[in-house]
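In terms of our numbering, the sequence shown has 310 at position 9, counting the first letter as 1, and numbering is strictly consecutive. Yeah, the Cβ is synthetic: ideal placement off N, Cα and C, and Gly gets one too. None of the values given here were measured: they were computed from a predicted structure. Report on the structure given below.
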Amino acid sequence: MLLAMHGKLLPLAGLYLVQGLPYGLQSGLLPLLFRARGLSLTRVGLAKVLYLPWLFKLVWAPLVDTRGSLKSWLMLSTAALGLVCGLLAALPPAEAGQAGLPVTVAGLLLLLNLGAAVQDVALDTLAVQLLEPAELGPGNTVQVVAYKLGAVLAGGGLLALVPTLSWPGLFLFLAAVYWLAAALAWAAPALQQLPASQPSEGPLRTLHLLQDLLAMPGTLWTAGFVLTYKLGEQGASSLFPLFLLDRGISMPELGLWNGVGAVVCSIVGSSLGGALLARHWRPLPLLRSVLRFRLGGLACQTTLLFHLDTPEVKLDPSTVLRGAALLSLCLQHFLGGLVTTTTFALMMHCTQLAPGALQATHYSLLATLELLGKLFLGSLAGALADSLGPRLCFSLFLALSGMPVLYLGLAPSALA
Numbered sequence: 302m303l304l305a306m307h308g309k310l311l312p313l314a315g316l317y318l319v320q321g322l323p324y325g326l327q328s329g330l331l332p333l334l335f336r337a338r339g340l341s342l343t344r345v346g347l348a349k350v351l352y353l354p355w356l357f358k359l360v361w362a363p364l365v366d367t368r369g370s371l372k373s374w375l376m377l378s379t380a381a382l383g384l385v386c387g388l389l390a391a392l393p394p395a396e397a398g399q400a401g402l403p404v405t406v407a408g409l410l411l412l413l414n415l416g417a418a419v420q421d422v423a424l425d426t427l428a429v430q431l432l433e434p435a436e437l438g439p440g441n442t443v444q445v446v447a448y449k450l451g452a453v454l455a456g457g458g459l460l461a462l463v464p465t466l467s468w469p470g471l472f473l474f475l476a477a478v479y480w481l482a483a484a485l486a487w488a489a490p491a492l493q494q495l496p497a498s499q500p501s502e503g504p505l506r507t508l509h510l511l512q513d514l515l516a517m518p519g520t521l522w523t524a525g526f527v528l529t530y531k532l533g534e535q536g537a538s539s540l541f542p543l544f545l546l547d548r549g550i551s552m553p554e555l556g557l558w559n560g561v562g563a564v565v566c567s568i569v570g571s572s573l574g575g576a577l578l579a580r581h582w583r584p585l586p587l588l589r590s591v592l593r594f595r596l597g598g599l600a601c602q603t604t605l606l607f608h609l610d611t612p613e614v615k616l617d618p619s620t621v622l623r624g625a626a627l628l629s630l631c632l633q634h635f636l637g638g639l640v641t642t643t644t645f646a647l648m649m650h651c652t653q654l655a656p657g658a659l660q661a662t663h664y665s666l667l668a669t670l671e672l673l674g675k676l677f678l679g680s681l682a683g684a685l686a687d688s689l690g691p692r693l694c695f696s697l698f699l700a701l702s703g704m705p706v707l708y709l710g711l712a713p714s715a716l717a
């Protein structure tokens with residue numbers, strides 16, 4: 302039984318790893334580069350528009366449910382990602398005197414997100430259909446950890462390698478990784494017995510699709526939870542590194558702590574969440590505990606920001622305050638990883654209550670709302686800080702992080 306589970310988890314790990322590459326590229330590298338070139342916090346936040354394809358997964362999720370096989374969707378979307386990376390390798394990253402990316406490069410990054418979003422629909426549906434209820438803990442640990450490893454490879458790793466490795470070399474490497482992953486999707490034994498997609502029942506069903514999805518047990522409550530549970534955390538994690546950059550911490554040091562160090566802590570948190578779920582913890586009781594811990598961690602970070610936001614405070618290399626600021630980054634990512642893995646297990650549990658013909662679309666709805674909540678405040682965080690100031694802004698984030706703790710009290714019995 303353990304061998305059979307490993308046969309499922311290994312291909313999932315490889316495919317989720319390559320799925321994290323576009324996110325790491327744009328979240329780990331571009332914001333720091335833009336800010337270092339003098340862009341306002343508002344313009345740095347608006348760069349997240351490249352993630353737009355992830356908000357439209359519901360457009361093609363019904364096609365994954367009703368056309369072709371999951372194996373074909375996985376292989377073709379992953380191979381297409383390799384093709385886009387090959388095209389990026391042939392283009393210069395920036396033109397002389399240009400503060401941001403060229404339009405052609407930005408367009409290809411948008412296509413990279415489109416391919417990754419299509420792959421995400423197929424891969425999440427595969428995980429829902431492949432994993433037994435007792436395997437959700439380890440399965441969601443693999444999902445979150447592998448994705449984050451891909452993100453740190455393309456984010457922190459890219460930030461470290463840019464001075465020595467050329468732009469074409471980086472993207473040719475990424476293209477090779479995607480093509481190897483496409484071969485894995487084709488050859489993995491666990492993917493050979495996947496059921497074919499079920500034919501569509503016609504246009505009437507499509508017209509009422511959203512209504513059908515929200516009528517599934519526990520779906521309406523879960524949709525509200527995933528839309529709001531990351532609001533405060535995402536706003537704080539978007540702004541705090543930029544605040545530290547403005548206070549004098551260097552970009553290479555931030556790249557190390559907020560890129561590699563924070564992701565390692567996030568992976569440890571995700572692994573702990575999976576281990577607790579595997580030891581017969583149910584998602585809802587575990588969420589009640591970890592959300593309180595996260596609220597306490599953000600309260601500490603907000604208190605630290607209030608102290609740092611004074612002219613006389615300096616973040617010199619040897620100060621305890623500097624160490625506390627960098628450690629608070631890691632603590633929040635650790636707690637965020639713990640919360641994310643538990644929430645994703647809850648989402649998969651909710652989707653398994655839906656009919657098989659709706660599972661790709663059902664999980665895509667929840668995942669789209671989860672991303673929408675993160676992008677909404679992540680994109681507006683810079684504008685909020687520019688207009689309200691960091692103190693009032695982080696007080697708002699703290700209040701938003703308290704909302705999910707209260708919302709858990711309304712959870713339906715179907716998800717217990």
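DSSP three-state assignment for Ser-370, whether helix, strand or coil: strand
Residues of its chain near Lys-449, where Cβ-Cβ distance is below 8 Å and the 5 sequence neighbours each way are ignored: Gly-321, Val-564, Ser-567, Ile-568, Ser-571 and Gly-638
Touching by the beta-carbon criterion (3+ pairs, under 8 Å), the region 687-702 and the region 551-559: no
Sequence-distant residues of its chain with Cβ nearer than 8 Å to Gly-525 (five each side left out): Tyr-708
Same chain, Cβ closer than 8 Å to Val-591, neighbours up to 5 away in sequence not counted: Gly-574, Leu-636, Leu-639, Val-640 and Thr-643
Classification of Val-319 by the beta-carbon crowding that lies within 10 angstroms, buried from 16 upward: buried
For Gly-519 and Leu-693, believed in contact at Cβ under 8 Å, the rounded distance: Their Cβ separation, rounded to whole angstroms, is 36 Å, which puts Leu-693 and Gly-519 out of contact at 8 Å.
Gln-327: first and last residue of the uninterrupted alpha helix (DSSP H) it sits in: Neither: Gln-327 is in no alpha helix (DSSP H) and is coded neither H nor E.
Nearest residue (CA-CA) to Val-445, options Leu-375, Ala-668 and Ser-680: Ala-668
Identity of the residue in Thr-662, Ser-688 and Pro-705 nearest Met-517 by Cα: Thr-662
Anticipated Cβ contact below 8 Å, Thr-379 with Tyr-479, distance rounded: 6 Å
Whole-Å CB distance - Leu-647 paired with Val-443, under 8 Å assumed: That belief does not hold up - the Cβ atoms of Leu-647 and Val-443 are roughly 16 Å apart, past 8 Å.
Cutoff 7 Å; reference Leu-605; Cβ partners in own chain excluding five residues on either side: Ala-625, Ala-626 and Ser-629
Beta-carbon proximity of Leu-410 to Phe-472, cut-off 8 Å: no
C-beta contact flag for Val-419 and Trp-361 at 8 Å: yes
Sequence ranges, alpha helix (DSSP H) only - wholly within the region 544-624, length at least 4: 552-555, 563-579 and 584-609
Beta carbon of Ala-484 nearer than 8 Å to that of Gly-387: no
Proximal residues to Phe-594 (C-beta, below 7 Å), its chain only, five neighbours per side dropped: Leu-636
Beta carbon of Gly-560 nearer than 8 Å to that of Val-453: yes
Three-state class that DSSP yields for Met-517 in the structure shown: coil
Closest Cα partner of Gly-470 within the set Ala-391, Asp-610 and Lys-349: Ala-391
Environment of Phe-357 [buried if 16+ CB atoms lie within 10 Å]: exposed
Thr-603 beta carbon less than 8 Å from that of Phe-695: yes
Limits of the unbroken alpha helix (DSSP H) element including Ala-700: 691-708
His-650 burial status per 10 Å Cβ neighbour count (16 or more: buried): buried
Contacts around Ser-601, its chain only, beta-carbon distance under 7 Å, and the 5 residues preceding and following it disregarded: Note on identity: in this sequence residue 601 is Cys, with Ser being the wrong assignment. If we look at Cys-601 and ignore the five residues flanking it on each side, its Cβ neighbours are Ser-629.
Contact check, Val-353 vs Ala-423, beta carbons under 8 Å: The identity of residue 353 in the sequence shown is Leu, whereas the question assumes Val. Their beta carbons are not under 8 Å apart, which means Leu-353 does not touch Ala-423 by this criterion.
Assigned secondary structure, Leu-711 (DSSP; H/G/I helix, E/B strand, else coil): helix
Proximity winner among Phe-645, Gly-679 and Ala-455, relative to Arg-583 (alpha-carbon distances): Phe-645
Simplified DSSP assignment, three categories, for Pro-656: coil
Span separating the alpha-carbon of Ala-684 from that of Leu-540: 10 Å
DSSP-derived helix/strand/coil call for Leu-392: coil
Pick from Gly-657, Gln-660, Arg-623 and Pro-323 that is closest to Ala-455, judged by C-alpha positions: Pro-323
C-alpha gap between Gly-657 and Asp-513, whole angstroms: 13 Å
Cβ-Cβ separation, Glu-671 to Val-527 (assumed contact under 8 Å), whole Å: 4 Å
Between the CA atoms of Val-406 and Leu-632 - distance to the nearest angstrom: 34 Å
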